[in-house]
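Peer 1: Going letter by letter, the sequence shown gives residues 12 to 305 in our numbering.
Could you have a look at this structure, given as structure tokens, before my questions?
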Amino acid sequence: MKTVRTATATGQVRTSITDQVFETIAESTPELRDAIRGRRGKTESTNRSGERQRAADLWFDEVLAERLGNIDGVGTYASEERSDPVDVGDGLSVTVDPLDGSSNLDSNNLVGTVVGVYDGALPASGRDLVGAAFVVYGPTITMVSATAGTVTEYEVVHGELECQERDLELPPEPSVFGFGGGVDEWSDSFESYAEGIRENLKLRYGGALVGDVNQVLGYGGVFAYPALESRPAGKLRHQFEAAPIAYIVECAGGRSSDGRQSILEIEPGDLHERCPLHVGNKTLIDELERSLGT
12 MKTVRTATAT
22 GQVRTSITDQ
32 VFETIAESTP
42 ELRDAIRGRR
52 GKTESTNRSG
62 ERQRAADLWF
72 DEVLAERLGN
82 IDGVGTYASE
92 ERSDPVDVGD
102 GLSVTVDPLD
112 GSSNLDSNNL
122 VGTVVGVYDG
132 ALPASGRDLV
142 GAAFVVYGPT
152 ITMVSATAGT
162 VTEYEVVHGE
172 LECQERDLEL
182 PPEPSVFGFG
192 GGVDEWSDSF
202 ESYAEGIREN
212 LKLRYGGALV
222 GDVNQVLGYG
232 GVFAYPALES
242 RPAGKLRHQF
252 EAAPIAYIVE
262 CAGGRSSDGR
272 QSILEIEPGD
282 LHERCPLHVG
292 NKTLIDELER
302 SLGT
């Protein structure tokens, strides 16, 4: 069931609220990254998807829920770590994957945060997105955001956004790929597609969505977490991961697909619904859909 939420803000007001969401996350990043220390282990609790939550997952969620929920114009806060959305007032709906790639904490590899801002009740179509962003906690902290068809890359310095590249677009000549899921669980048609990709592109896969997509945005290419035998609906959550990432990639001149249509066309029936995700250069996604027989 959708949370009842009416958002009637004008375009200018929506943009202002979305900017505040991004700025609030940026301001929080130094504290969040520092808080990972000592919170890498798993707790006894699980999220709605049945995954064991780490102490860092819960910490990130609590901090972001409080700070994003206090923004005037944000009406709903929803997190991958919570079963249900939280009503925080009237306005736009914000979805968050607080600590994307948290399984990478075991090996001290990349993690990040993904946020989507929807002008609509949740669960919502990706066409209701008015902005999306992801943070990468790497050697430096960076944020890639998209609003109104424009993608911008920032470095986050002491909680402040410093623009590195405006109007970011996918490079026309793709060079990297990253595919998730066990190879033995891929469909024959996806395996056939992957074989062709391997012949022409370099593998770049680190196990955190934000890091893998960041590589595709920087170098051109394709990222995919396809349908698997054990997960025919895919692994990634539409509201929290797939739709915001698809929005960013499409704003950067690329394409997204669940194998037959844009991720942004999906009308999810549940807040935690999953879907296959394929994003990247248009030619590669076109080729994917042909390979999958759509």
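In this text, a Cβ means the ideal position worked out from N, Cα and C, and glycines have one as well.
Since the model is a prediction, treat every value here as computed from it, not as a measurement.
List in chain order: all unbroken beta strand (DSSP E) runs of 3+ residues lying wholly within the stretch 51 to 113.
Peer 2: For the stretch 51 to 113, whole beta strand (DSSP E) runs of length 3 or above, ordered along the chain, are 53 to 57, 63 to 65, 85 to 90 and 103 to 111.
Peer 1: Quick one: what's Phe190 bridged to in DSSP?
Peer 2: Along the sequence shown, read from residue 1 onward, the residue named residue 190 stands at position 179. Beta-bridge pairing links Phe190 to Ala235.
Peer 1: For Val126 and Asp117, what's the separation of their Cα atoms in angstroms?
Peer 2: On the sequence shown, position 115 is the one that residue 126 refers to. On the sequence shown, position 106 is the one that residue 117 refers to. Their backbone Cα atoms lie some 23 angstroms apart in a straight line.
Peer 1: Which one of Gly222, Ala159, Asn58 and Gly189 has the shortest CA to CA distance from Val24?
Peer 2: Numbered from 1 along the sequence shown, position 13 holds the residue referred to as residue 24. Nearest C-alpha to Val24: Ala159.
Peer 1: Given this structure, state the Cα-to-Cα distance separating Val105 from Val32, to the nearest angstrom.
Peer 2: Within the sequence shown, residue 105 is the residue found at index 94, counting from 1. Within the sequence shown, residue 32 is the residue found at index 21, counting from 1. About 8 angstroms.
Peer 1: When we look at the beta-carbon of Asn81 and count the other beta-carbons within 10 Å, is it buried (16 or more) or exposed?
Peer 2: Looking up residue 81 in the sequence shown gives position 70. The residue is exposed, with fewer than 16 neighbouring Cβ atoms inside 10 Å.
Peer 1: For Ser267 versus Val290, is the C-beta spacing smaller than 7 angstroms?
Peer 2: Within the sequence shown, numbered from 1, the residue matching residue 267 stands at position 256. Within the sequence shown, numbered from 1, the residue matching residue 290 stands at position 279. Yes. Within cutoff.
Peer 1: Is it true that the stretch 142 to 152 meets the stretch 227 to 241, where meeting means three or more beta-carbon pairs spaced less than 8 angstroms apart?
Peer 2: Contact fails: fewer than three Cβ-Cβ distances are below 8 angstroms.
Peer 1: What is the C-beta distance between Pro287 and Gly218, in whole angstroms, given that I count them as a contact (C-beta under 8 angstroms)?
Peer 2: Walking along the sequence shown from the start, residue 287 turns up at place 276. Walking along the sequence shown from the start, residue 218 turns up at place 207. Wrong, their Cβ atoms sit about 17 angstroms apart, outside the cutoff.
Peer 1: With distances taken between CB atoms, is the gap from Glu173 to Glu166 smaller than 7 angstroms?
Peer 2: By one-based count along the sequence shown, residue 173 stands at place 162. By one-based count along the sequence shown, residue 166 stands at place 155. Contact: yes.
Peer 1: I need the DSSP call for Lys213, collapsed to helix, strand or coil.
Peer 2: The sequence position of residue 213 within the sequence shown is 202, counting from 1. If DSSP states are grouped into helix, strand and coil, Lys213 belongs with the strands.
Peer 1: Nearest to Asn58 by alpha carbon, out of Arg215, Glu202, Gly222 and Ser90?
Peer 2: Position 47 of the sequence shown, counted from the first residue, corresponds to residue 58. Minimum Cα distance to Asn58 is reached at Ser90.
Peer 1: Name the one or two DSSP bridge partners that His289 has.
Peer 2: If you number the sequence shown from 1, residue 289 lands on position 278. His289 pairs with Ala235 and Ser268.
Peer 1: Pull up the distance between the alpha-carbon of Val85 and that of Pro134, whole angstroms please.
Peer 2: Mapped onto the sequence shown, residue 85 falls at position 74. Mapped onto the sequence shown, residue 134 falls at position 123. Val85 and Pro134: Cα-Cα distance of roughly 16 angstroms.
Peer 1: Taking one C-beta from the stretch 213 to 227 and one from the stretch 188 to 201 each time, how about it: are there three or more such pairs within less than 8 angstroms?
Peer 2: Taking 8 angstroms as the limit for Cβ pairs, the verdict is that the stretch 188 to 201 does touch the stretch 213 to 227.
Peer 1: Assuming Thr161 contacts Asp178 under a Cβ cut-off of 8 angstroms, what Cβ separation, rounded to an integer in Å, is found between them?
Peer 2: As a position in the sequence shown, residue 161 is number 150, starting the count at 1. As a position in the sequence shown, residue 178 is number 167, starting the count at 1. Yes, they are in contact, since the Cβ atoms of Thr161 and Asp178 sit about 6 angstroms apart, within 8 angstroms.
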